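Engineer: Quick one: structure below, then a few questions.
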Amino acid sequence: MTDDDKSAPDSPAGPTTSLLVAPRDFVCMQPFIFESGQTLPGFTLRYETYGALNAARDNSIIVCHALSGDHHCAGRHAPGDRKPGWWDNLIGPGKAVDTNRFFVVCANVLGGCRGSSGPSSINPATGRSFGISFPFVTIRDMVRAQKILCEHLGLSSVYAVLGGSMGGMQALQWAIEYPSFVRKIIPMACTARESAQAIAFNEVGRQAIMQDPDWHGGGYLAGAGPRVGLAVARMMAHITYLSDTSMDRKFGRRKKETAAADAYNFDVQFEVESYLRHQGQAFINRFDANSYLYITRALDHFDLAEAYGSLEESFRSVEAETLVVGFTSDWLFPPDQNRTIVHALLRAGKRASYAELTTDLGHDSFLLESEDLYDLVHGFLECAPVAAPAPAPATDSRP
Amino acid sequence: MSTPNGKRTIDMEIIGDWVEPGSRVVDLGCGSGQLLEYLVQSKGVQAIGVDLSFLNISACVRKGLNAYQGDMTDFLREFPDRFFDRIICSRTLHELQRPSTVVDEALRASRALTVGFVNQGFWKNRLSALHGKKVVNEVFPTAWAESRPANHLSITDFEQFCAGRGITIRRRVLLSGNWRTPCRALPNLLAGYALYDLSQGG
Numbered sequence: 001m002t003d004d005d006k007s008a009p010d011s012p013a014g015p016t017t018s019l020l021v022a023p024r025d026f027v028c029m030q031p032f033i034f035e036s037g038q039t040l041p042g043f044t045l046r047y048e049t050y051g052a053l054n055a056a057r058d059n060s061i062i063v064c065h066a067l068s069g070d071h072h073c074a075g076r077h078a079p080g081d082r083k084p085g086w087w088d089n090l091i092g093p094g095k096a097v098d099t100n101r102f103f104v105v106c107a108n109v110l111g112g113c114r115g116s117s118g119p120s121s122i123n124p125a126t127g128r129s130f131g132i133s134f135p136f137v138t139i140r141d142m143v144r145a146q147k148i149l150c151e152h153l154g155l156s157s158v159y160a161v162l163g164g165s166m167g168g169m170q171a172l173q174w175a176i177e178y179p180s181f182v183r184k185i186i187p188m189a190c191t192a193r194e195s196a197q198a199i200a201f202n203e204v205g206r207q208a209i210m211q212d213p214d215w216h217g218g219g220y221l222a223g224a225g226p227r228v229g230l231a232v233a234r235m236m237a238h239i240t241y242l243s244d245t246s247m248d249r250k251f252g253r254r255k256k257e258t259a260a261a262d263a264y265n266f267d268v269q270f271e272v273e274s275y276l277r278h279q280g281q282a283f284i285n286r287f288d289a290n291s292y293l294y295i296t297r298a299l300d301h302f303d304l305a306e307a308y309g310s311l312e313e314s315f316r317s318v319e320a321e322t323l324v325v326g327f328t329s330d331w332l333f334p335p336d337q338n339r340t341i342v343h344a345l346l347r348a349g350k351r352a353s354y355a356e357l358t359t360d361l362g363h364d365s366f367l368l369e370s371e372d373l374y375d376l377v378h379g380f381l382e383c384a385p386v387a388a389p390a391p392a393p394a395t396d397s398r399p
Numbered sequence: 001m002s003t004p005n006g007k008r009t010i011d012m013e014i015i016g017d018w019v020e021p022g023s024r025v026v027d028l029g030c031g032s033g034q035l036l037e038y039l040v041q042s043k044g045v046q047a048i049g050v051d052l053s054f055l056n057i058s059a060c061v062r063k064g065l066n067a068y069q070g071d072m073t074d075f076l077r078e079f080p081d082r083f084f085d086r087i088i089c090s091r092t093l094h095e096l097q098r099p100s101t102v103v104d105e106a107l108r109a110s111r112a113l114t115v116g117f118v119n120q121g122f123w124k125n126r127l128s129a130l131h132g133k134k135v136v137n138e139v140f141p142t143a144w145a146e147s148r149p150a151n152h153l154s155i156t157d158f159e160q161f162c163a164g165r166g167i168t169i170r171r172r173v174l175l176s177g178n179w180r181t182p183c184r185a186l187p188n189l190l191a192g193y194a195l196y197d198l199s200q201g202g
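As you go down the protein sequences, you meet chains A and B in turn.
In terms of our numbering, the first sequence opens at residue 1 and continues consecutively.
In terms of our numbering, the second sequence opens at residue 1 and continues consecutively.
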């Protein structure tokens, strides 16, 4: 997702939004076996929680972040922080995901670089960063690590899992992997398998990183690395999170004030160039290039139909009720790929809904400040299924 | 619990009577989910509504109902033959671009189809036409300038359509102008509202 400053003025409710949080580390000392068969003797997940766990320990909501996101999804670490967490517009006291009611947990993914174990972590066996000797990570590995965190936190079940983009993939995987543990999921701007185009964009990003001489086969030292390659990867990816319309509105063909009168050179001239360069530079200060390789690979590998035989088959075990949310201008994981998830869930006899917001903000629309989106999410989280006089019949008794 | 009352909901009871408890039901053009809610509560059906409007989908979701935002024909095409037990198309047909396509798809994807519509042949509606005016009544309360395009049909239109396509009418309920008492004679002239229970073939 993009780093745009959407923090803008907080809602008039003022004090209710000044949630202060501190990240914590969960260190698991048990060996972790990755889907690839590779193992780690243990792992760390950095996470944040908001709200309080109830006595039944069943009011938790797991928030899953996208490729470049992290565990800081709401609130601020200090009152003076310029920006709150990345989904602060949705999550907080009295908000759509109401932290007065729910215990919200968000962890940096396994393979990430924001405090959880990943390629930039120190390999105790060598005293140096793992680099590309870190085990290959899948969406399922990310979810399995989160489940171990949930057990550590003593959750008896999870009320809901939600996330956009890669976060939505994790939500689906949660419902598949732990059917009786999850009651509701909300995947947004999501896909059950990336298209060739999405894989292609990821590959260009990876090549930008790996062709940078400073990548050193993944063995760069902490603080060094393929800064140019990572910045270019980010610049390109950033475009795929927006839309033609939104970029045109934001930048148009406006030129930088500093653009030389003599335009026949390759300095920054258009505002959109300057913006992308800034995004690239900001990214290299907070993201590890090898993590970028690992996580984009996890995205590319995610393919529920292939993993389970068919998409319906992958959902066979699901017990959670699903709300999929698509966005009209999302051309990375377009509405049709979101619909496909709902079709398969329904064909598998599961409870699922599909809603689509008309937006022009592209893939990143799930971060939109939209009362319609808030109402939808809030309504889904707060509702109880309509009571039926008799228990529903077995759903998969027919072909 | 919502209970059927008034003209907008009088058909809910009849529609509900034709729904098997616990069956798999689709409501095409579900609106904010009033009928769905009634069917889930009274019959324990496994139901999904289809509608084009985000706000309607959001309203259904808030009620704890499943709903799908999108084109109804495209939706039905995603399901194998006879996947659903009953599809309901209540006061929706006249708003569709190509009603026959939806009826065909519904009769393929479902064992049974309920169709309910306001009879354009009803004498009062004919009178409006005779006076050269759009029908404005309790069910279609808006004047022409505030209305959506509509493709109204009569009982004769619909039954000829069914006969031409080999669609079996298993049950038929014709209500008089008050929508309560049955209409016994000259239905195309005297029935205000018609409900059909249909299936494809025998």
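Note that the Cβ used here is the ideal one computed from N, Cα and C, for glycine as well.
Model, not experiment: these values are computed from the prediction.
Should A/Gly94 be labelled buried (16 or more other beta-carbon atoms within 10 Å of its own) or exposed?
Structural biologist: With fewer than 16 other Cβ atoms within 10 Å, it is exposed.
Engineer: Which of helix, strand or coil does DSSP assign to A/Gln211?
Structural biologist: Here A/Gln211 sits in coil by DSSP.
Engineer: With B/Phe161 as the anchor, note down where its beta strand (DSSP E) starts and where it stops.
Structural biologist: B/Phe161 -> not in any beta strand (DSSP E); alpha helix (DSSP H) instead, spanning 155-165.
Engineer: Does A/Ser353 have its Cβ less than 8 Å from a Cβ in chain B?
Structural biologist: Yes, A/Ser353 counts as interfacial toward chain B.
Engineer: Can you give me the Cβ contacts of B/Gly121 inside the same chain, cut-off strictly under 7 Å, excluding the 5 residues immediately before and after it?
Structural biologist: Hits under 7 Å: Ser154, Ile155, Thr156, Asn188, Leu189.
Engineer: So, under 8 Å CB-CB, B/Ser32 and B/Cys60 are touching, yes? Tell me the CB distance rounded to an integer number of Å.
Structural biologist: About 7 Å; that satisfies the 8 Å criterion.
Engineer: Between the Cα of A/Tyr404 and the Cα atoms of A/Ser310, A/Gln279, A/Glu151, which residue gives the shortest distance?
Structural biologist: The requested residue 404 of chain A is not part of the displayed model; chain A covers only 1 to 399.
Engineer: Between A/Pro41 and A/Asn123, what straight-line distance do the alpha-carbon atoms span, to the nearest angstrom?
Structural biologist: Answer to the nearest angstrom: the Cα atoms are 10 Å apart.
Engineer: DSSP state of B/Leu36, grouped into three classes?
Structural biologist: Reduced to three states, the DSSP call for B/Leu36 is helix.
Engineer: If A/Leu381 and A/Ser329 are in contact, beta carbons under 8 Å, what's the gap, nearest whole angstrom?
Structural biologist: At roughly 25 Å, the Cβ-Cβ gap does not stay under 8 Å, so A/Leu381 and A/Ser329 are not in contact.
Engineer: If you follow the beta strand (DSSP E) that B/Leu65 is part of, which residue opens it and which one closes it?
Structural biologist: It is not in any beta strand (DSSP E) - B/Leu65 carries neither H nor E in the DSSP assignment.
Engineer: Applying the criterion that 16 or more other CB atoms from any shown protein chain within 10 Å of the CB defines a buried residue, is A/Asn59 buried or exposed?
Structural biologist: The residue is buried, with at least 16 neighbouring Cβ atoms inside 10 Å.
Engineer: Taking A/Arg351 as part of the alpha helix (DSSP H), name the residues at either end of that continuous run.
Structural biologist: First-last for A/Arg351: undefined, no H or E at that position.
Engineer: Taking the runs of the beta strand (DSSP E) that are 3 residues or longer, which of them lie wholly in the region 189-263 of chain A?
Structural biologist: For the region 189-263 of chain A, not a single whole beta strand (DSSP E) run of length 3 or above is found.
Engineer: Determine, using beta carbons only, whether B/Leu65 comes closer than 8 Å to chain A.
Structural biologist: It does: the Cβ of B/Leu65 has a partner Cβ on chain A nearer than 8 Å.
Engineer: Would you say B/Pro4 reaches chain A, if we count a Cβ-Cβ gap shorter than 8 Å as a contact?
Structural biologist: Its pLDDT being 45, under 50, B/Pro4 is placed unreliably by the model, and nothing is read from it.
Engineer: Any beta-carbon of chain B closer than 8 Å to the one on A/Phe380?
Structural biologist: Chain B contact via Cβ: present.
Engineer: Cβ of A/Leu311 within 8 Å of Cβ of A/Ala189?
Structural biologist: No, the pair does not count as a contact, with Cβ atoms beyond the cut-off.
Engineer: Could you give the distance in angstroms between the alpha-carbon of A/Arg249 and the alpha-carbon of B/Gly64?
Structural biologist: When rounded, the distance between both Cα atoms is 38 Å.
Engineer: Short check: CB of B/Asp51 to CB of B/Gln34, under 8 Å?
Structural biologist: No, these two residues do not count as a Cβ contact at 8 Å.
Engineer: Report yes or no: do the region 219-230 of chain A and the region 54-73 of chain A share at least 3 C-beta pairs separated by less than 8 Å?
Structural biologist: The region 219-230 of chain A, when compared against the region 54-73 of chain A, does not touch it at the 8 Å Cβ threshold.
Engineer: When the Cα atoms are used, what is the spatial distance from A/Gly127 to A/Ser121?
Structural biologist: C-alpha separation (whole angstroms): 10 Å.
Engineer: Give the interface partners of B/Glu37 over in chain A, defined as CB-CB distance under 7 Å, in chain order.
Structural biologist: Near B/Glu37 (Cβ distances below 7 Å), the residues of chain A are Val386.
Engineer: Should the region 334-343 of chain A be regarded as contacting the region 366-376 of chain A, the criterion being three or more beta carbon pairs within less than 8 Å?
Structural biologist: No: fewer than three Cβ pairs fall under 8 Å.
Engineer: Can you find a CB in chain A that lies within less than 8 Å of the CB of B/Phe62?
Structural biologist: Per the sequence shown, the amino acid found at residue 62 of chain B is Arg instead of Phe. Answer yes: the Cβ-Cβ gap between B/Arg62 and chain A drops below 8 Å somewhere.
Engineer: List the residues that DSSP assigns as beta-bridge partners of A/Ala355.
Structural biologist: A/Ala355 is bridged to A/Val325.
Engineer: Less than 8 Å separating the beta-carbons of A/Leu276 and A/Val325?
Structural biologist: Their beta carbons are not under 8 Å apart, which means A/Leu276 does not touch A/Val325 by this criterion.
Engineer: Which partner residues does A/Pro187 have in the DSSP bridge list?
Structural biologist: A/Pro187 pairs with A/Gly163.
Engineer: Would you tell me roughly how many angstroms separate the C-alpha atoms of A/Lys350 and A/Met169, rounded to the nearest one?
Structural biologist: For A/Lys350 and A/Met169, the distance between alpha carbons rounds to 17 Å.
Engineer: Can you list, in chain order, the residues of its chain with a C-beta nearer than 7 Å to that of A/Ala160? Leave out the 5 residues immediately preceding and following it.
Structural biologist: Answer for A/Ala160: Ile61, Arg183, Lys184, Ile185, Ile186, Leu381, listed in chain order.
Engineer: Verify the CB distance criterion: does B/Ser58 have a CB-CB separation below 8 Å to chain A?
Structural biologist: At least one chain A Cβ lies under 8 Å of B/Ser58.
Engineer: Could you run through the region 340-351 of chain A and flag, in chain order, every residue whose CB is less than 8 Å away from some CB of chain B?
Structural biologist: From the region 340-351 of chain A, only Val342, His343, Leu346, Arg347, Gly349, Arg351 have a Cβ closer than 8 Å to chain B.
Engineer: Going by DSSP, name the residue or residues bridged to A/Asn123.
Structural biologist: Note: A/Asn123 sits in a beta bridge opposite A/Arg128.
Engineer: Using a Cβ-Cβ distance cut-off of 8 Å, determine whether A/Asp248 contacts chain B.
Structural biologist: For A/Asp248, the answer is no, since every Cβ of chain B falls outside 8 Å of its Cβ.
Engineer: Along chain A, which residues have their Cβ under 8 Å away from the Cβ of B/Glu13?
Structural biologist: Near B/Glu13 there are no residues of chain A at all, since even the closest Cβ is about 16 Å away, more than 8 Å.
Engineer: Over what stretch of residues does the beta strand (DSSP E) that includes B/Gln46 continue unbroken?
Structural biologist: First-last of the beta strand (DSSP E) with B/Gln46: 46-51.
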